[in-house]
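Residue numbers (this note's numbering): 3 to 196.
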C-alpha cells in the first residue's frame with residue numbers, strides 16, 4: 003500500500019519540474035502575491051483532476067494483464083522522460099481573468115492546464131498499475147505540491163535562480179531508469195526472465 007503512495011508522489015514531482023503548471027504557479031504567485039489561496043487552489047484542482055484520471059486508470063487497468071500494464075508503464079515512463087526534456091511555455095492569455103481572485107483563478111487554471119498533461123497521463127497509468135486508487139491520488143497530489151509549493155512561496159526569485167535545464171535532464175534520467183525497471187518487471191511477469 004505504501005508503494006501506491008510513494009511511487010506516484012516521486013513520479014509526479016519529477017514530471018512536474020519545468021512543466022506548464024509549474025510555470026503557471028510562478029505566474030500566479032507573481033500576479034497575486036497571496037501564496038495560501040494559490041496553494042489551496044492547486045490542491046483542489048489537482049485532487050479533482052487526478053481523481054478523474056485515477057478512476058479512468060483503475061477502470062482501464064482491469065482490461066490488461068500485469069505484464070501488459072508493465073509494458074504500458076515502461077512506454078509511458080519513456081515518453082514522459084522525453085517530454086520532460088522539452089521546456090513548457092505558458093502564455094498569459096491561457097490564464098482565467100484576474101477578477102476571480104487567487105483561489106478560484108488557480109483552481110480553474112490548474113484544472114484546465116492538467117487536462118492531457120504528462121502528470122495526468124502518469125496518474126492514469128499509475129492508477130492502472132497500483133491497486134490502492136486513493137493512495138495513488140494522494141501520492142500524485144503530494145507530488146504536485148512538492149514541485150509547486152516552493153515555486154509559489156519563492157515567487158520570481160526561485161525561477162531566476164534554479165538551473166531548470168539541469169533539473170529537467172536529471173528528471174528525464176530518473177524516468178528512463180523507471181522505464182528500465184518497468185521493462186524488467188514486464189519481462190519477469192511475462193516469464194521471459196527465470
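For each residue, glycine too, the CB sits at the ideal point set by N, CA and C.
How about residue i: is its Cβ closer than 7 angstroms to a heavy atom in the ligand COA?
i: residue 114; result: This structure does not include the ligand COA; it has no bound ligands of any sort.
Give the single residue among the options whose Cα lies nearest to the Cα of residue i.
i: residue 10; options: 157, 177, 115, 168; result: 177
i: residue 167; options: 192, 123, 88, 104; result: 88
i: residue 42; options: 85, 12, 144, 71; result: 144
i: residue 172; options: 85, 150, 113, 104; result: 85
i: residue 135; options: 21, 57, 27, 22; result: 57
i: residue 44; options: 23, 34, 156, 35; result: 23
Can you tell me where the alpha helix (DSSP H) with residue i in it begins and where it stops?
i: residue 22; result: 22-34
i: residue 141; result: 135-156
i: residue 14; result: 4-18
i: residue 38; result: 37-63
i: residue 114; result: 103-116
Within its chain, find whatever has a CB closer than 7 angstroms to the CB of residue i; leave out the 5 residues flanking it on each side and keep chain order.
i: residue 191; result: 68, 69, 72
How would you label residue i, buried or exposed, when you count the other beta carbons within 10 angstroms and need 16 or more for buried?
i: residue 133; result: exposed
i: residue 32; result: exposed
i: residue 3; result: exposed
i: residue 95; result: In this prediction, residue 95 scores a pLDDT of 47, lower than 50, which makes its location untrustworthy; no coordinate-derived value is stated.
i: residue 152; result: exposed
i: residue 118; result: exposed
i: residue 63; result: buried
i: residue 195; result: exposed
Do residue j and residue i come within 8 angstroms of each other at the CB atom, strictly closer than that value?
i: residue 154; j: residue 19; result: no
i: residue 60; j: residue 17; result: no
i: residue 116; j: residue 53; result: no
i: residue 146; j: residue 78; result: no
i: residue 108; j: residue 142; result: no
i: residue 76; j: residue 174; result: no
i: residue 140; j: residue 30; result: no
i: residue 149; j: residue 15; result: yes
i: residue 102; j: residue 51; result: no
Go through its chain and collect everything with a Cβ distance to residue i's Cβ below 6 angstroms, but skip five positions before and after it.
i: residue 13; result: 124
i: residue 49; result: 143
Keeping to the same chain, check which residues put their C-beta closer than 8 angstroms to that of residue i; ignore five residues upstream and five downstream.
i: residue 80; result: 177, 178, 181
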